[in-house]
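In terms of our numbering, the sequence shown is residues 901 to 1020. For every residue, glycine included, the Cβ atom is placed at its ideal position computed from N, Cα and C.
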Amino acid sequence: MITDRQAKILQEARDFVYAELKDEMSGHDWWHIVRVTNNAVEIATQEQADVFICELAALLHDIADGKLNENEEVGLQKVEQWLQNHQASDAEIAHVLDIISTMSFKGGHQQKNVSTLEGQ
């Protein structure tokens, strides 16, 4: 179940990502985020994963994309800073960053070990 605090973070994340990606022309636009997020929430629910973490990672995953930043590390720092500024816990921040940094499609070449159910 999503708490009020988590619901607030998710809404702020939606607003942030929409503002950042609404005009993105690379295919990583707002509607891509909506599709990915809807799929992530559905799968997380079916698999009994942490829906909040899955939804938050899905919303923020392209904010960290190396194609949309100087590099992926800069993007991950941007996500980390945003999460810190929006009252995510240290554990939530670490979990979301782990998921984003180990997502399976990185140009099809980089495979990192997935450490949690939510990251799968």
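Rounded to whole angstroms, the gap between the alpha carbons of Val941 and Ala913 is 15 Å. Apart from sequence neighbours up to five positions away, no residue of its chain approaches Gln911 with a beta-carbon distance below 6 Å. Excluding its 5 nearest sequence neighbours in each direction, Met1003 has C-beta neighbours in its own chain below 7 Å: His961, listed in chain order. Straight-line measurement puts the Cα of Phe952 at about 14 Å from the Cα of Asp990. Between the stretch 972-987 and the stretch 930-949 there are fewer than three C-beta pairs closer than 8 Å, too few to call the two in contact.
Secondary structure of His932 (DSSP, three-state): helix. Sequence-distant partners of Asp904 (beyond 5 residues in either direction) whose C-beta falls short of 7 Å from its own C-beta are missing from its chain. Remark: C-beta atoms of Lys922 and Asp915 do not approach each other more closely than 8 Å.
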